[in-house]
Structures are given as C-alpha cells and as structure tokens.
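Presented below is the structure to which this report refers.
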Amino acid sequence: MLYLEATSADARRLRLRSVVGFGEGGAVAARTTSRVRVNELTTVAATYALAQFTGPRGVDGPSPGLENAAATTFNLVDPATGRPGAVVTDADNGDTNETLATLGTLANLVSLCASDTTRCESLLRLATPPGGTTPTDTVQAVLNLVRNPTLSPAGLYDLARTARHYAPALTAAPTAWILALRYTDTNLYAPGRIAFDAQGNAWASDNWLPGTRNPTPYISVLDPTGRPILGSPIRGGGMKGGDWGAAVAPDGSVWMSSYGGNAVAHYSATGTPLSPPTGWRNGGLRHPQGIAVDQRGNVWIANNYGLETAPGQGNVVVYPHGDPTKAITITGGGLDHPFAVQIDGYGRAWVSNAGQGGAQLVNTRLAPLIGKFGGSVTVIGPDFRPTANSPLQSSSFKWPLSIALDSRNNAWVNSYFSSAVTALRPDGTVLGVYKLPERTLPWSVAVDGSDRVWVAGFLTPGVWTLCGADTTACTPGARTGTVLSPPNGFRSTALQHLTAVQIDQSGNVWLANNWSQIVPPVGGTGLVQLIGLATPVCTPDPNLITPGQRLTLR
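This is the structure we're talking about:
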C-alpha cells in the first residue's frame with residue numbers, strides 16, 4: 000500500500016496524507032492513481048480508513064486488512080481530485096446521512112493548522128485523549144478522534160465552524176466522530192447475519208424479497224468496499240429466507256441457515272451452490288438459526304424449531320467435517336430453542352437458549368414491556384456432549400440471543416428483553432452483567448482484537464462499545480463493562496433496526512439493517528460500515544483460537 004505525505008515547515012503541525020494505491024493482497028483489485036492531490040479531505044479519509052494500521056513509524060500491517068483498508072479510502076475521497084468519493088456522495092449516502100457533512104467538518108478542523116497557530120493549538124488540545132499526550136500534528140489529532148470518537152464533540156464542532164473551506168458540514172455538534180457508509184445491492188433486503196471470508200468479503204443472509212415478507216432465495220456478497228461480487232445476489236442451494244446463520248469454513252466455503260426451507264445452504268468460496276436445490280436437511284432441521292464451524296471443520300447448527308412450537312424443543316445438529324450424511328443430533332443440557340452457537344479455543348460450542356416466551360411476542364407491541372422471560376446457555380464439548388454444568392443460568396437472561404467469545408474464552412451473551420450483556424467465564428460462572436439503556440433491546444454482540452465488546456441495538460438503532468476483560472485497551476479508569484461509546488450508543492441516520500454486528504480484518508464495524516419499521520415489520524436496507532473504529536480480528540472466524548492467544552493484528 001502506497002501513500003503520500005506532506006508536512007509544513009512550521010513545527011510540522013500541519014501534516015497531510017493521501018492514499019496513492021494498493022496491491023493485490025486484499026479482496027479488491029490492485030489500484031494506483033497516477034495523479035494525487037493531498038489536502039484536508041484526503042487526510043481525514045486516509046486516517047480513518049487506515050486508523051488501525053497507523054503507528055509512530057507510519058502505516059503498515061498484514062494482508063488483507065491493510066489493502067482492504069486502503070481501498071476503503073477511495074469510498075470517502077477521490078485522491079486524484081481531492082474531492083469526496085463516489086460512495087460517500089451516492090444515493091445511499093450523500094445527503095441521506097451525516098457522513099459527508101462529518102467528513103467536511105473534520106477537514107475544516109485540519110485546515111486550521113494551515114495558517115492559524117492559535118486555532119491549530121486549540122484543535123490539538125481538544126484532540127488529546129484522557130490521560131494521553133497532546134498530538135503534535137493534524138494526522139495524530141484525527142487519529143485520536145477515530146480511536147476516541149467521543150472526544151470533545153461540542154468544542155471541536157464550535158472550532159470547526161470558524162473555518163468554511165469544505166461543505167457540506169455539520170449543522171450541530173455530533174455525539175461522536177464516526178464515519179458510516181451504507182451499502183446496498185439488488186435483493187440485499189432485511190439482512191440478518193454477516194460473515195467475513197479470508198479475503199475480507201462480507202457474506203450476508205437476507206430474510207425477505209424487497210418490499211415483501213416473502214422469504215428470499217438469495218444471499219448477498221459484498222467486497223470490503225461494498226461492491227457486489229461473485230454474481231451477487233446468489234440464488235440456489237436451498238435458500239429460502241436466510242436468518243441468523245452464516246459461517247465461513249476453513250476451506251473457504253460458506254454455510255447459511257435457510258429458516259423457511261428447514262435446511263442449510265452451502266456455497267463454494269466463489270459463490271457456487273454446493274447443497275442440493277432443497278438444501279441440506281439432514282439431522283431433522285427445523286427452522287435453523289445460528290451456525291459455527293470449529294477447528295476440525297465440523298459444522299454446528301442451532302436447530303431452533305421456530306416461533307410456534309412448544310417449550311423445551313430444539314437441539315443442536317453437527318455435520319462432522321462438513322458432511323451432512325453423518326449428521327449428529329445433540330439433545331439435553333437444557334437446550335431450548337437454541338439461537339446462536341460459537342466455538343471457543345478449547346473446541347467447545349457455546350449455545351444460547353432463547354426459549355419460547357420472547358419469540359412468541361417479538362412481533363407484538365407488548366414485547367418491550369414484558370420481562371417475564373428466561374433463557375440459558377448450554378456448553379457442548381468436542382465429544383458432542385453437553386457439559387455437566389449445563390445449562391448455565393443467570394437472572395439477566397431474558398431471551399438471550401447472540402454469543403461472542405474473547406481471547407480469554409469468556410463468553411459474552413446479550414439478552415434482548417433485559418437490554419443487558421452478560422459475561423461468562425470459561426468455567427461458566429458469571430463474570431459480570433452490564434446494562435444498556437432499557438430500550439436498546441440488543442440483538443447481536445461481537446468482540447474486537449482488543450477484547451472490546453460491540454453490541455447492536457434492535458429497538459434503538461445504535462452500537463454500544465463496552466470495555467472487555469482487557470482493561471488496558473480502554474480509556475484510563477475504565478473497568479470491564481464500562482461503556483466506551485456515548486451512553487445512547489453510536490448513532491447515524493444510516494442505521495436501521497440492527498440484528499448483526501461483525502468486525503473485519505481492517506477494523507471496520509459492519510452492521511445489518513434488518514428492519515426499517517417494527518410495527519408492522521418492514522425490511523431494512525443494506526449493510527452499514529463504521530470506518531476504522533475497532534481493532535481488527537482474524538477471519539473467517541475470530542473465535543477459532545487457542546487459550547490466551549491475542550486477536551490483535553498490531
């Protein structure tokens with residue numbers, strides 16, 4: 000990846016950057032521009048996109064994250080002209096969300112250091128993180144805002160208004176300095192779950208056909224810059240209404256749940272359906288939900304049984320080494336309408352049991368008001384047997400849905416109706432319960448490479464970041480569970496009601512706009528990418544690690 004840098008002679012406070020191009024190591028074809036403009040807009044775009052690869056000696060990092068991050072820069076700015084890029088100005092972004100205006104506001108801040116010493120010093124002071132050192136130049140100041148998005152929103156906004164070089168600009172102070180891009184595609188409607196392959200491409204399940212509540216036969220695949228690839232939308236393989244099951248296997252193939260087809264669909268790394276036209280149904284699949292692939296290539300399926308069945312039903316189905324003809328059905332251990340499944344560093348499967356109470360009311364107006372729901376977590380060993388202490392219980396479990404595991408094998412479980420995230424130690428005991436605002440109703444949770452926890456809100460469209468088990472990666476004084484995002488989460492008008500949050504190899508946070516309206520349900524549009532906010536993780540599955548292994552790429 001090649002970038003250009005320009006500095007001023009005056010104490011080097013003004014430092015500008017622009018991406019020139021990138022090579023073949025990522026998921027996007029190599030690109031180089033022969034003519035480059037370096038200005039405040041290119042500096043903001045390059046700093047945000049490359050935030051997780053920027054250190055004291057410049058920009059570097061491993062493939063494919065570095066190349067994909069450099070490619071994302073072009074979505075924000077055209078380096079040849081120094082003007083806003085084609086994606087940030089398109090019909091899905093442009094004046095439909097705040098990102099273009101935020102980009103202009105940040106560029107105006109950088110411009111203060113071109114000629115005004117006093118206002119430049121104010122910028123550097125306001126961009127100083129808690130307990131940190133004052134940045135010495137504009138690149139470091141912008142980098143601090145990416146890594147600490149809640150820094151001085153009111154003060155910096157007021158300062159930015161004194162410069163008017165770039166428009167549009169924000170008309171009110173933000174709650175956080177984030178850049179969000181929304182990506183859409185034909186038939187990418189009501190996306191449910193996201194999985195990243197080894198090159199950083201995003202595979203998304205879709206619930207419905209656009210404008211309807213009819214189950215879709217398609218899945219969607221976008222490259223790291225949001226462009227449809229592999230012939231997306233892809234049809235076939237037994238897909239009929241994808242839901243919350245999506246996982247990439249070690250061989251690069253992709254498994255997705257077909258909720259309406261009572262099956263799972265299997266695709267090659269190039270998007271060719273590998274499952275029959277009706278999908279794989281072995282193991283008695285009935286409205287399957289979450290899917291995970293373990294270190295041995297075994298495919299684990301949370302066989303949910305759906306909304307209308309009796310309490311206590313459901314099981315986990317395993318396809319050993321990805322072979323449906325050898326399906327194993329696992330029962331016991333408190334399995335009750337399992338929803339999510341994830342694999343820890345010991346090869347154990349952690350399964351959330353949603354139960355029936357919440358599922359029967361999720362589409363009604365009473366759902367947010369009723370709290371008499373339970374749930375549990377079942378742990379299943381590599382021998383396909385539930386552990387002796389299963390099911391794991393907590394009073395915080397009120398329709399638990401998603402599970403994510405950190406580098407210490409702690410399991411983070413979000414509960415929809417309690418708007419809480421519960422952390423379980425590897426032995427199953429409760430590490431802590433961390434409340435979010437009551438109306439969050441979180442659907443999904445993910446862990447980044449610094450063990451920080453990211454939570455996607457369904458009722459309240461927003462993203463919350465919690466300090467994880469590694470408090471050294473958080474702001475000074477933060478404890479495990481401390482909210483690092485604004486109290487009401489990271490917000491953007493690009494966000495709708497969310498069912499998935501995932502982190503890619505470039506440190507971007509991806510979100511699934513599942514519904515645009517709750518009553519009556521109307522499908523959401525597109526995937527949203529928050530640029531550069533998280534520490535990158537290794538994919539296709541960041542959970543497939545050995546105990547104690549770090550996920551961070553830097």
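Residue numbers for the sequence shown follow numbering that gives the first Met the number 0, beginning at 0 and rising by one.
Quick reminder that beta carbons are idealized off the backbone N, C-alpha and C, glycines included.
Quiz item: In terms of residue numbering, what span does the alpha helix (DSSP H) encompassing Asp157 cover?
Solution: Here the alpha helix (DSSP H) through Asp157 covers Pro152 to Ala159.
Quiz item: Pro319 bridges to which residues according to DSSP?
Solution: Pro319 pairs with nothing; no bridge assigned.
Quiz item: What is the rounded straight-line gap between the Cα of Thr183 and the Cα of Pro232?
Solution: Rounded to the nearest angstrom, the two C-alpha atoms are 11 Å apart.
Quiz item: Can you pull the DSSP bridge partners for Gln528?
Solution: For Gln528, which the question treats as bridged, DSSP gives the partners Leu180 and Trp509.
Quiz item: Roughly how many angstroms lie between the CA atoms of Asp343 and Leu15, to the nearest whole one?
Solution: Roughly 43 Å separates the two Cα atoms.
Quiz item: Which runs of the alpha helix (DSSP H) fall wholly inside the segment 4 to 71 and span at least 4 residues, in chain order?
Solution: The qualifying runs are 39 to 48.
Quiz item: So Pro381 packs on Arg347, CB below 8 Å; how close in whole Å?
Solution: Yes, they are in contact, since the Cβ atoms of Pro381 and Arg347 sit about 7 Å apart, within 8 Å.
Quiz item: Does the segment 237 to 245 come close enough to the segment 199 to 214 to have 3 or more Cβ pairs within less than 8 Å?
Solution: Short answer: they touch.
Quiz prompt | Beta-carbon proximity check, Arg470 vs Ser484, cutoff 9 Å | solution = Sequence check: residue 470 is Thr here, not Arg. At a Cβ-Cβ threshold of 9 Å, Thr470 and Ser484 do not count as neighbours.
Practice problem: From the DSSP output, read off the bridge partner residues of Gln341. | Solution: Paired residues: Trp349.
Quiz item: Should Leu430 and Asn413 be called a contact, given that it needs their Cβ atoms to be closer than 9 Å?
Solution: The Cβ-Cβ distance between Leu430 and Asn413 does not fall below 9 Å.
Self-check item: Three-state secondary structure (DSSP) of Val482
Solution: Shown here, Val482 sits in a strand according to DSSP, grouped into three states.
Quiz item: What residue range is occupied by the uninterrupted beta strand (DSSP E) comprising Gln501?
Solution: Taken as a continuous stretch (DSSP letters only), the beta strand (DSSP E) holding Gln501 covers His496 to Ile502.
Quiz prompt | Residue from Val446, Leu497 and Gly270 whose Cα sits closest to the Cα of Pro460 | solution = That would be Leu497, whose Cα lies nearest to the Cα of Pro460.
Quiz item: Hey, would you say Ile557 sits closer than 9 Å to Tyr165, going by beta carbons?
Solution: Lying outside 0 to 553, the shown extent of the chain, residue 557 is not represented and no answer is given.
Self-check item: Residue nearest to Pro190 in terms of C-alpha spacing, selected from Asn281, Tyr217 and Thr170
Solution: Comparing C-alpha distances from Pro190 to each of Asn281, Tyr217 and Thr170 shows the shortest one belongs to Tyr217.
Quiz item: For Asn413, which beta-bridge partners are listed by DSSP?
Solution: In the DSSP output, where bridge partners are listed per residue, Asn413 has Val420.
Exercise. Note down, in chain order, each residue of its chain lying with its Cβ closer than 7 Å to the Cβ of Leu368, except the 5 sequence neighbours on either side.
Key: Interpretation of Leu368 is limited by its pLDDT of 46, a score under 50 that renders its predicted location unreliable; no figure is taken from the coordinates.
Exercise. Just the C-alpha distance for Leu75 and Ser17, rounded to the nearest angstrom, thanks.
Key: Using only the alpha carbons, I get a separation of about 11 Å.
Quiz prompt | Cut-off 6 Å between Cβ atoms - residues of its own chain near Val292, not counting five sequence neighbours on either side | solution = Excluding positions up to five away in sequence, the list reads Ala246, Ala248 and Val298.
Quiz item: How many Å lie between Thr116 and Glu4 at the Cα?
Solution: Distance between the alpha carbons of Thr116 and Glu4: 21 Å.
Practice problem: Please look up how many angstroms separate the CB atoms of Thr42 and Val145, rounded, as I've assumed it's under 8 Å. | Solution: Wrong, their Cβ atoms sit about 12 Å apart, outside the cutoff.
Quiz item: Can you tell me whether DSSP reads Arg234 as helix, strand or coil?
Solution: Arg234 falls in the strand class under three-state DSSP.
Quiz prompt | Complete runs of the alpha helix (DSSP H) confined to the segment 229 to 312 [at least 4 residues] | solution = No alpha helix (DSSP H) of 4 residues or more sits fully in the segment 229 to 312.
Practice problem: Return the Cβ separation of Ala403 and Ala445 in integer angstroms, given the expectation that the two are a contact with Cβ distance under 8 Å. | Solution: Contact between Ala403 and Ala445 holds: CB atoms are separated by about 5 Å, below the 8 Å threshold.
Quiz prompt | Beta-bridge partners of Pro83, as assigned by DSSP | solution = Beta-bridge pairing links Pro83 to Val76.
Exercise. Apply the 10 Å Cβ neighbour rule to Pro173 and answer buried if 16 or more other Cβ atoms are within range, or exposed otherwise.
Key: That one is buried.
Quiz item: Starting from Ala201 and walking both ways along the beta strand (DSSP E), at which residues does that stretch end?
Solution: Start and end: Ala201 to Asp205.
Quiz item: For the ligand COA, is there a heavy atom less than 8 Å away from the beta-carbon of Asn513?
Solution: You won't find the ligand COA in this model; it holds no ligand whatsoever.
Self-check item: Other residues of its chain near Thr80: CB distance less than 7 Å, five sequence neighbours each side excluded
Solution: Around Thr80: Arg36.
Exercise. Kindly indicate which three-state DSSP category Leu187 falls into: helix, strand or coil?
Key: Three-state result, Leu187: coil.
Quiz item: CB-CB under 7 Å to Phe383, same chain, minus the five flanking residues each way: which ones, in chain order?
Solution: Taking Phe383 as the centre and dropping the five residues before and after it, the same chain places the C-beta of Val317, Ile327 and Ile329 closer than 7 Å to its C-beta, in chain order.
Quiz item: How far does the alpha helix (DSSP H) with Pro103 in it reach, from first residue to last?
Solution: In the sequence as presented, Pro is not what sits at residue 103; that position holds Gly. Thr98 to Ser110 is the span of the alpha helix (DSSP H), which, as asked, contains Gly103.
Quiz item: By how many angstroms is the C-alpha of Cys466 removed from the C-alpha of Ile502?
Solution: Rounded to the nearest angstrom, the two C-alpha atoms are 16 Å apart.
Quiz prompt | Rounded Cβ spacing between Gly236 and Asp196 (contact assumed at less than 8 Å) | solution = Contact flag wrong, Cβ pair sits at about 16 Å.
Self-check item: From Pro385, Ile290 and Gly289, residue whose alpha carbon lies closest to that of Leu334
Solution: Closest option to Leu334, Cα to Cα, is Pro385.
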